[in-house]
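Chains as they are written, first to last, in my numbering: chain S, 482 to 784; chain P, 83 to 524. Yeah, the Cβ is synthetic: ideal placement off N, Cα and C, and Gly gets one too.
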């Protein structure tokens, strides 16, 4: 067993394989692994940017501190809430849009462009525009729209200053901004599905819904797994919208781990504390990714 | 073509700090080579367009006048100025002369990045400077920085609306007290369509919270930290006086007396009768209200009216080999003509009495005379002079944000006080060590 495997691992293509993988591996090493290891080492110190006091090894103190910090815990729970809400909603929306566009109606190209456009805009620009959309008072676009659809029953709210509405407001904008990207991937996946499968299903008497359940979804498995994975990671990385639109407020309702880490290092010079946060964050994202991959694999075995 | 230029400009902006570092590196290389005129590296924040062009013009004038010193100016974007300069300090790449935002000064001193200016300040000039300028620049009994202008904070009022509601016009000697002020808010509210009569610039956020509202806390007898030898926030920031002041401010907001000022025009469009604001608001307000514009002191919440102070200031770095060249440039910037040119561009309060006497806005009897009176008369409280300031202001901002959205005042202030004290403890109370100690006794 070991002999064929080792033969498979090292053969005359190994050298060129390594050579080709080299640049990417070097990039990963330099920009992912090395910073992570440095952050890990710094998290066990008391390093502050520019401090004249001697650097000390403080053990797990930074980790104890951040896990006793209500702001950080709230940031973690906000991140989880965001991922749990945005991932299913955004994926479902993207799938819906992709299915619509895949029907081959007229104007598909126009709509595809329109849906994809928000993805091309930088998040900072999108955030500034949405600050105007969420403007409080009856003149704000969102307030005006809700007033219209509820036939005047809607009381104008200050979305970004309302502890209950601020996070949903950010999530809505994130979904709007990100759905186009996933739609394109799912659309590509849909177009890969052989038409014969639908014909066969129709011959077997399957209706629209059955076709979707038993042909479309299984065939889309790989794009869907990819989309869910990427969306989760992006949901955890929530930062730009928070920095520009709410600065973590009101009352910590929209703070995220990334925002807390950036605040720690850039406004308070607490390099060690921010390092501890990023280490926790990295491990969390790693765990989520691993879990999703595991679940996806199991699904395949059952199917 | 225009788009292309705009794009180039943006890239230029981004590269500016890199270019600055590169310039410093090359400047270090050139140190050994003999040049007749020595180069004085100066970093400043790229403020408003008008401010920027005055500084560039001042540098050109100085260079034309001086034969043996040449100022080389690098402008750094304001948004991330402190973060960039801190990073350059860690990398050991600071220039000779550095512009700093007032309350961030003390961290640079403690880190040993600056040298004291006492002996560099020209004779006779010290007495001419406003006391607030000296007070902000002092740390451990030495002067580390001074500005060519200071800031002013006051209450702008609409004369017509006050007269209609039959409200007494206060001055520094007879300010509105807390009860009177709250009564005035209610009286104005009955004549106002939406009941929102006060603009607290809640749209500004950030450093404004600390600058604009800590004077009200001071006026109630509270403060951000205890300013004795051992700086502590617990018992002061979360003490009864500070809690009382913040409860008042919160009640103004929650009772609906404060305009959210989302469009930044609440006062300019006369939607409100009163506006807390700084010297920078004056040009727009006077343009809109003309003769109806009043500038009043903040209300007295028990311990006299207080106000804010502090702005950008200049400091000479510890490693600078040309403190005398830097001193000459600073003396030039403090000449009345130069101060007047700069304050005409940014609207701030001139730093010297000679310049004030010649300023149409700030001379005695001028429309902004009150700002000078406040700075000169001990009404202005500097923000806490400690290296912990970045943490103090960040935590206060967070607490203020909680309080303005209806959060419990005492809990919010206690939380902030604990974090601030932990930071001070972690830094062992900021003992003067190493380079900072050497510089202090120099």
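Residue i - DSSP class collapsed to helix/strand/coil
| i | result |
| --- | --- |
| residue 228 of chain P | strand |
| residue 158 of chain P | strand |
| residue 375 of chain P | strand |
| residue 384 of chain P | coil |
| residue 206 of chain P | coil |
| residue 654 of chain S | helix |
| residue 367 of chain P | helix |
| residue 767 of chain S | helix |
| residue 605 of chain S | helix |
| residue 594 of chain S | helix |
| residue 127 of chain P | strand |
| residue 461 of chain P | coil |
| residue 776 of chain S | helix |
| residue 389 of chain P | strand |
| residue 197 of chain P | strand |
| residue 272 of chain P | helix |
| residue 248 of chain P | coil |
| residue 584 of chain S | coil |
| residue 728 of chain S | coil |
| residue 483 of chain P | helix |
| residue 314 of chain P | strand |
| residue 308 of chain P | strand |
| residue 254 of chain P | coil |
| residue 718 of chain S | coil |
Proximal residues of chain P, C-beta to C-beta of residue i below 7 Å
| i | result |
| --- | --- |
| residue 642 of chain S | 487 |
| residue 524 of chain S | Under the 7 Å cutoff, chain P gives no residues; its nearest Cβ is about 15 Å from residue 524 of chain S. |
| residue 747 of chain S | 165 |
| residue 728 of chain S | 287 |
| residue 817 of chain S | Any answer about residue 817 of chain S is impossible in this case: the structure gives chain S only from 482 up to 784. |
According to DSSP, residues forming a beta bridge with residue i
| i | result |
| --- | --- |
| residue 152 of chain P | P:121 |
| residue 538 of chain S | S:526 |
| residue 183 of chain P | P:394 |
| residue 190 of chain P | The partner list for residue 190 of chain P (beta bridge, DSSP) is empty, contrary to what the question assumes. |
| residue 239 of chain P | P:356 and P:376 |
| residue 339 of chain P | Note: residue 339 of chain P sits in no beta bridge, so no partner. |
| residue 220 of chain P | P:225 |
| residue 259 of chain P | P:382 |
| residue 432 of chain P | P:231 |
| residue 280 of chain P | P:340 and P:356 |
| residue 399 of chain P | P:196 |
| residue 211 of chain P | P:434 |
Partner residues on chain S for residue i, Cβ-Cβ distance less than 8 Å
| i | result |
| --- | --- |
| residue 193 of chain P | 531, 532 and 533 |
| residue 168 of chain P | 530, 531 and 750 |
| residue 516 of chain P | 533 |
Beta-carbon spacing of residue i, residue j below 7 Å
| i | j | result |
| --- | --- | --- |
| residue 212 of chain P | residue 409 of chain P | no |
| residue 418 of chain P | residue 231 of chain P | no |
| residue 732 of chain S | residue 487 of chain P | yes |
| residue 158 of chain P | residue 125 of chain P | yes |
| residue 709 of chain S | residue 572 of chain S | yes |
| residue 257 of chain P | residue 382 of chain P | yes |
| residue 696 of chain S | residue 719 of chain S | no |
| residue 743 of chain S | residue 520 of chain S | no |
| residue 332 of chain P | residue 485 of chain P | yes |
| residue 233 of chain P | residue 430 of chain P | yes |
| residue 750 of chain S | residue 530 of chain S | yes |
| residue 187 of chain P | residue 128 of chain P | no |
| residue 284 of chain P | residue 378 of chain P | no |
Listed by chain order, chain S residues near residue i by CB distance under 7 Å
| i | result |
| --- | --- |
| residue 172 of chain P | 530 and 531 |
| residue 473 of chain P | 749 |
Contacts of residue i in chain S (Cβ-Cβ under 9 Å)
| i | result |
| --- | --- |
| residue 510 of chain P | 534 |
| residue 348 of chain P | Ordered by position in chain S, no residue passes the 9 Å Cβ test against residue 348 of chain P, which lies about 12 Å from the chain. |
| residue 484 of chain P | 730, 731, 732 and 733 |
Residue i Cβ short of 6 Å to the ligand GDP heavy atom set
| i | result |
| --- | --- |
| residue 648 of chain S | This structure simply doesn't include the ligand GDP, nor any ligand for that matter. |
Interface partners of residue i on chain P, CB under 8 Å
| i | result |
| --- | --- |
| residue 744 of chain S | 476 |
| residue 617 of chain S | 342 and 344 |
| residue 527 of chain S | 508 |
| residue 493 of chain S | Those do not exist, as residue 493 of chain S stays about 46 Å from chain P at its closest Cβ, beyond 8 Å. |
| residue 639 of chain S | 342 |
Could you tell me which uninterrupted alpha helix (DSSP H) segments, each at least 4 residues in length, are contained entirely in the region 658-715 of chain S, listed from first to last along the chain? 676-684 and 689-692
Along the chain, which unbroken stretches of the beta strand (DSSP E) at least 3 residues long are found entirely within the region 730-763 of chain S? none
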